[in-house]
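A.B. asks: Please see the structure below; I have some questions.
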Amino acid sequence: MKTLGSYVQGRWHHADSGFSNLVDPSTEEEIARVSSAGVDFAGVLSHARETGGPALRRMTFAERGALLKSMSKTLRAHRDELLELSRQNNGTTTPDGSFDIDGATGTLAYYAALARGLGDRRHLVGDDGVQLAKTDAFWARHVLVPRDGVAVCINAFNFPAWGFAEKAACALLAGVPVVVKPATATALVAHRCVEAVIEAGILPDGALQLICGATGDLLDRLGPQDVLAFTGSADTVLRFKQRRALQEANTRFNVEADSLNAAVLGPDVEADEGSPTFDLFVRDVVREMTQKAGQKCTAVRRILVPAVRAGEVEEALAERLRQVVTGNPADPSVTMGPLATGGQLEDAVAGVAALADSARPVLGGGRCDGAGSPAGKGFFFSPTLLAAEDGHQAGAVHRREVFGPVATILPYDGTAAEAAEVVALGGGTLVTSAYSDDAGWREELLATAGSTTGRLYFGSSGSAPAAPGSGVAMPQSLHGGPGRAGGGEELGGLQGVELYMQRVALQGSREVVDALATGGADGTEG
Ligand code: NAP
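Residue numbers (this note's numbering): -1 to 524.
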């Protein structure tokens, strides 16, 4: 059985105790073991701060972008191997695994291209400046400089490659060294990603370290220049927020947590086969329920439907969901794999039981055997659709994230204002998708629901030919959401890089400030 080490202080560290086992979720066979026992966490931070950080900050954006391009190419060269590891450890089908792995290489490539446009600079210019006196003898302008610390990037189990890449791309481009910690249960893919990047000799020493397993006292050693970029559950966030050391140091803390995303069908969309907007709605909802077996933070959990259409929508979704073949992705007939761990399966079973108090079952509802796997083995969960009587009265549906292929139909009166009220009951989402060809309804939805979500994805007859689905977190757009979703902001082009930088207001004569901001002159007044 493979033993996963941690890459720290410029070498691989192999523990000799404290192992957790990684299993293939389709067969429950043990495939690897992992432990971080014996890692010198203080040494990890010093190595990043004293060796990796200075080396990165000596480079320009263009040079750091070239590193990202090489990382993207390296991971792409290992695509087939990573897909196989993803199948073994995450139970993904090839399309689901490529969603993670191609998402990783695509995000790295996007930031590499963005960096080319930033050229030889070492800081970002935030604005054009503003006059603070009667003349431009006193002027202000904002710039962003790299933080003089470490980016500790902690990722959830469901996106081991993309989670690593989307955080590392932004931090490295900003000039900040990275310590990445994948979720222990699915560390295989992230471990191989880092191993491949290290083997390729792309990054300066100290720019990238990997911790497989527990983080010991690492978080209590973070300081004011460091960034803790976290993706995972709201429960873990709560525990982190109670850590005294993090509070005292005022470490920058970005949170991407869970989310009860909603898909809203507009009242103008007839439930007709052949209506491009209705077809898109059904296609998107089914994909966003079943892709990666519903283990996506952006998955659709709540389906808002005008009450008059609830029956037709239920039928259309159930028909499509019945066509899903759940099982071991090694079997070519399978279209949806298992949940990633036994713990996730238990949580999903308990979650559906909690939802059943507020909604009736339409389809599925629990563990099933998987095609291509021995009976009783594997963490398979059947596509599960529930339906509530009234969107406002759906209790646990607005509180409980069931991290599996599970969603609930919620009838509403068809007005954008009521849709917004029902969506808001989820406490803040990463994405709300809305399907309508009525410009007035869409405007009203933006006005009433915009503040409760990080992203509004509009499906319409115009977008139907190209819309990729609401679950895709594209690097060009913001990823994150208010309230329950964590309140974080990642990606969104340069905004994602700014997380790892410090905004500084420059004040002085316009000549001095502009010279400093644009980096061309030495700032000496003429
Ligand atoms: P989790 O249990 O909160 O774990 C997330 C990460 O935190 C893992 O790497 C875990 O490591 C680590 N962790 C937990 N306790 C820790 C501690 N005391 N010290 C240091 N690290 C600690 O979440 P999960 O089960 O992996 O992921 C599922 C959740 O993530 C869902 O709620 C989902 O919605 C959310 N998610 C959100 C996004 C987003 O972008 N908003 C994306 C993906 C997933 P170990 O595995 O070693 O415990």
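Each residue gets a CB set at the ideal place from its N, CA and C atoms; glycine is no exception.
Drop a sphere of 10 angstroms on the beta-carbon of D527, count the other beta-carbons inside from all chains shown, and report buried for 16 or more, exposed for fewer.
C.D. replies: The question about residue 527 has no answer, for the chain in this structure spans -1 to 524.
A.B. asks: Taking only the alpha-carbon atoms, compute the straight-line gap between N259 and D78 and give it to the nearest angstrom.
C.D. replies: Against the sequence shown, residue 259 aligns to sequence position 261. Against the sequence shown, residue 78 aligns to sequence position 80. One C-alpha to the other measures close to 31 Å.
A.B. asks: Looking only at its chain, what residues have a beta carbon closer than 6 Å to the beta carbon of F155, apart from the 5 residues adjacent to it on each side?
C.D. replies: Translated into positions along the sequence shown, residue 155 becomes position 157. Answer for F155: A181, A183, T184 and A338, listed in chain order.
A.B. asks: Straight-line CA distance for P480 to D256?
C.D. replies: As a working mapping, residue 480 is identified with position 482 in the sequence shown. As a working mapping, residue 256 is identified with position 258 in the sequence shown. Between P480 and D256, the C-alpha separation is close to 11 Å.
A.B. asks: Once DSSP output is grouped into helix, strand and coil, what is the label at K294?
C.D. replies: If you number the sequence shown from 1, residue 294 lands on position 296. In this structure, K294 counts as coil in the three-state DSSP scheme.
A.B. asks: Quick one: what's got a C-beta closer than 6 Å to N19's C-beta in the same chain, skipping five residues either side?
C.D. replies: Stepping through the sequence shown from its first residue, residue 19 is reached at position 21. Here the set comprises E28 and R31.
A.B. asks: Any heavy atom of the ligand NAP inside 7 Å of the beta-carbon of S231?
C.D. replies: Working through the sequence shown from its first residue, we reach residue 231 at position 233. For the ligand NAP, at least one heavy atom lies less than 7 Å from the Cβ of S231.
A.B. asks: Could you check what DSSP says for F276 in three-state terms: helix, strand or coil?
C.D. replies: Along the sequence shown, read from residue 1 onward, the residue named residue 276 stands at position 278. Three-state result, F276: helix.
A.B. asks: Along the chain, where does the alpha helix (DSSP H) containing Y498 start, and where does it finish?
C.D. replies: Here the question's residue 498 lines up with position 500 in the sequence shown. Here Y498 belongs to no alpha helix (DSSP H), and DSSP marks it neither H nor E.
A.B. asks: Using only CA atoms, which one of F401, R114 and L142 lies nearest to V123?
C.D. replies: Start at 1 with the first residue of the sequence shown, and residue 123 comes out as number 125. Out of F401, R114 and L142, L142 has the C-alpha closest to the C-alpha of V123.
A.B. asks: Return the first residue and the last residue of the alpha helix (DSSP H) that C168 is part of.
C.D. replies: Taking the first residue of the sequence shown as 1, we reach residue 168 at position 170. Unbroken alpha helix (DSSP H) run through C168: P158 to A172.
A.B. asks: Rounded to whole angstroms, what's the CA-CA distance from D388 to T450? Just pull it up for me.
C.D. replies: Within the sequence shown, residue 388 is the residue found at index 390, counting from 1. Within the sequence shown, residue 450 is the residue found at index 452, counting from 1. C-alpha separation (whole angstroms): 20 Å.
A.B. asks: Rounded C-beta distance between A432 and V262? I'm assuming under 8 Å.
C.D. replies: The count along the sequence shown starts at 1 and reaches residue 432 at position 434. The count along the sequence shown starts at 1 and reaches residue 262 at position 264. Correct: roughly 5 Å between the Cβ atoms.
A.B. asks: Any idea if K165 is buried or exposed, counting beta-carbon neighbours within 10 angstroms, 16 or more meaning buried?
C.D. replies: As a working mapping, residue 165 is identified with position 167 in the sequence shown. By the neighbour-count rule (16 or more Cβ atoms within 10 Å), K165 is buried.
A.B. asks: Below 8 Å, how does it come out for the stretch 215 to 233 and the stretch 68 to 75: are there three or more Cβ pairs, yes or no?
C.D. replies: Result no; under three Cβ-Cβ pairs closer than 8 Å.
A.B. asks: Taking the C-alpha atoms as reference points, what is the distance between G426 and R482?
C.D. replies: Residue mapping note: residue 426 aligns to position 428 of the sequence shown, counting from 1. Residue mapping note: residue 482 aligns to position 484 of the sequence shown, counting from 1. Each residue's Cα considered, the two are about 5 Å apart.
A.B. asks: Just to check, is the beta-carbon of I152 closer than 7 Å to a non-hydrogen atom of the ligand NAP?
C.D. replies: Taking the sequence shown and counting its residues from 1, one reaches residue 152 at position 154. I152: yes, Cβ under 7 Å from the ligand NAP.
A.B. asks: List the endpoints of the continuous beta strand (DSSP E) containing R31.
C.D. replies: Your numbering for residue 31 matches position 33 in the sequence shown. Here the beta strand (DSSP E) through R31 covers E28 to V32.
A.B. asks: Whole-angstrom Cβ separation of A212 and S34, contact assumed at under 8 Å?
C.D. replies: As a working note, residue 212 is residue 214 in the sequence shown. As a working note, residue 34 is residue 36 in the sequence shown. Sure, about 5 Å apart at Cβ, within 8 Å.
A.B. asks: How is the beta strand (DSSP E) around L384 delimited, first residue to last?
C.D. replies: Against the sequence shown, residue 384 aligns to sequence position 386. T382 to A385 is the extent of the beta strand (DSSP E) around L384.
A.B. asks: I need the straight-line Cα distance from T333 to S44, nearest angstrom please.
C.D. replies: Indexing the sequence shown from 1 puts residue 333 at position 335. Indexing the sequence shown from 1 puts residue 44 at position 46. If you take the alpha carbons of T333 and S44, they lie about 46 Å apart.
A.B. asks: Just to check, is the beta-carbon of D256 closer than 7 Å to a non-hydrogen atom of the ligand NAP?
C.D. replies: Position 258 of the sequence shown, counting from 1, holds the residue named residue 256. Yes.
A.B. asks: Can P480 be considered in contact with the ligand NAP, in the sense that its beta carbon sits closer than 7 Å to one or more heavy atoms?
C.D. replies: As a first step, residue 480 is located in the sequence shown; it is residue number 482 there, counting from the start. No, the Cβ of P480 stays beyond 7 Å of every heavy atom of the ligand NAP.
A.B. asks: Please report the distance separating the alpha-carbon of E419 from that of T406.
C.D. replies: Position 421 of the sequence shown, counted from the first residue, corresponds to residue 419. Position 408 of the sequence shown, counted from the first residue, corresponds to residue 406. Spanning the two alpha carbons is a distance of roughly 16 Å.
A.B. asks: If you compare alpha carbons, which of E487, L383 and D329 is closest to G362?
C.D. replies: Against the sequence shown, residue 362 aligns to sequence position 364. Considering only alpha carbons, the answer is L383.
A.B. asks: Tell me whether E399 counts as near the ligand NAP, meaning its Cβ is closer than 7 Å to at least one heavy atom of that ligand.
C.D. replies: Against the sequence shown, residue 399 aligns to sequence position 401. E399 Cβ: within cutoff of the ligand NAP.
A.B. asks: How many Å lie between L343 and Q321 at the Cα?
C.D. replies: For the purposes of this step, residue 343 is taken as the residue at position 345 of the sequence shown. For the purposes of this step, residue 321 is taken as the residue at position 323 of the sequence shown. For L343 and Q321, the distance between alpha carbons rounds to 21 Å.
A.B. asks: Could you check what DSSP says for L258 in three-state terms: helix, strand or coil?
C.D. replies: Reading the sequence shown from its first residue, position 260 is the one you call residue 258. Three-state DSSP puts L258 in coil, outside helix and strand.
A.B. asks: Are the beta-carbon atoms of V429 and Y455 separated by less than 8 Å?
C.D. replies: Walking along the sequence shown from the start, residue 429 turns up at place 431. Walking along the sequence shown from the start, residue 455 turns up at place 457. Yes.
A.B. asks: Would the beta-carbon of V37 fall within 8 Å of that of G214?
C.D. replies: Translated into positions along the sequence shown, residue 37 becomes position 39. Translated into positions along the sequence shown, residue 214 becomes position 216. The answer is yes: Cβ separation under 8 Å.
A.B. asks: Taking only the alpha-carbon atoms, compute the straight-line gap between S4 and G506 and give it to the nearest angstrom.
C.D. replies: For this step, residue 4 is matched to residue 6 along the sequence shown. For this step, residue 506 is matched to residue 508 along the sequence shown. Using only the alpha carbons, I get a separation of about 47 Å.
A.B. asks: Could you pull the DSSP bridge partners for Q505 from this structure?
C.D. replies: Indexing the sequence shown from 1 puts residue 505 at position 507. In the DSSP output, where bridge partners are listed per residue, Q505 has A138.
A.B. asks: Rounded to whole angstroms, what's the CA-CA distance from T1 to R85? Just pull it up for me.
C.D. replies: For the purposes of this step, residue 1 is taken as the residue at position 3 of the sequence shown. For the purposes of this step, residue 85 is taken as the residue at position 87 of the sequence shown. Between T1 and R85, the C-alpha separation is close to 18 Å.
A.B. asks: Use the C-beta contact count for V284: other C-beta atoms within 10 angstroms, 16 or more gives buried, fewer gives exposed.
C.D. replies: The sequence position of residue 284 within the sequence shown is 286, counting from 1. Looking at its Cβ environment, which holds 16 or more other Cβ atoms inside 10 Å, V284 is buried.
A.B. asks: Which residue or residues does DSSP assign as beta-bridge partners of V303?
C.D. replies: Residue mapping note: residue 303 aligns to position 305 of the sequence shown, counting from 1. DSSP, once it has assigned bridges, lists P409 as partnering V303.
A.B. asks: Comparing alpha-carbon positions, which option in E61, G364, I196 and I99 lies nearest A172?
C.D. replies: If you number the sequence shown from 1, residue 172 lands on position 174. Nearest option by C-alpha distance: E61.
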